[in-house]
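As numbered in this note's numbering, residues 116 to 309 make up the sequence shown, in order. We treat Cβ as the ideally placed atom computed from N, Cα and C, and that holds for glycine. If you're wondering where the values come from, they're calculated on a predicted model, not measured in any experiment. Worksheet: one structure, shown below.
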Amino acid sequence: MISGTRRRRIFVTDQNNVTPNDAPEDAVAAVEETQPMDQQPLEESDDRMKELQAEAEKNLQGWQRTLAEFQNYKRRVEREQQDLKLKIALETIKKMLPIIDDFERAQANIPDDLKDHPWINGVALIQGKFKKLMDEYDIQPIAPDGEAFDPNIHEAISMDASDDVESGHVIETVLKGYISGDIVLRPAMVRVAN
């Protein structure tokens, strides 16, 4: 408890010092005098708000454009990585084509008395795995007997006269070629009629 002391109200402003002896009306007048007289009109505030909204919209559009560019970049990199993986796989399979040819020649020349031998069946299973791998990469054989010669997918090893095959067409496929989509792994080695 405070005894014997008087409480006084003191009003302080930025511009005027009000003493404890001033009347409250004078204090209110002093406070009102300290409020800025140069308040911006509402129209100027609206203009500033429109400027800020336009700037925010511009920033949003820039952000959206950057995001779209990044997404396009990401898709392009993923596509390039997939293309590279496919190219590596096809190059590996391309190196295995002579082995596949050897399996096919071996299967085509099995003596009749060995056709049911378990070892021959095991070799056929291995050949089946190669076939499955080639199917996985959509690798198709090129064996164009009777078709028109196409230098993009055929390689002529000889030009021979033929009564049965039209000139410029394949008489015989000497070695099958292979293609995956539009990628030629190996052209077919062919004899062409002239």
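Counting the other Cβ atoms within 10 Å of the Cβ of H269 gives 16 or more, which makes it buried.
Checking the DSSP bridge columns, you'll see Q176 has no partner listed.
Taking each of Q186, V238, A276 and Q242 in turn and checking the Cα distance to I215, the smallest one comes out for Q242. For E270, the beta-bridge partners assigned by DSSP are M304. Residue burial is scored here from C-beta neighbours: G292 has at least 16 other C-beta atoms within 10 angstroms and is therefore classed as buried. When DSSP reads this structure, H232 sits in no beta bridge, so it has no partner.
Between the stretch 292 to 304 and the stretch 252 to 272, the count of Cβ pairs shorter than 8 angstroms is three or higher; the stretches touch.
Within the same chain, and ignoring the five residues on either side of Q255 in sequence, the residues whose Cβ sits closer than 6 angstroms to its Cβ are I294. Secondary structure note for I257: its beta strand (DSSP E) is the uninterrupted segment I254 to I257. For E287, the uninterrupted beta strand (DSSP E) segment begins and ends at V285 to L290. In the three-state scheme derived from DSSP, where H, G and I count as helix and E and B as strand, S277 is classed as coil.
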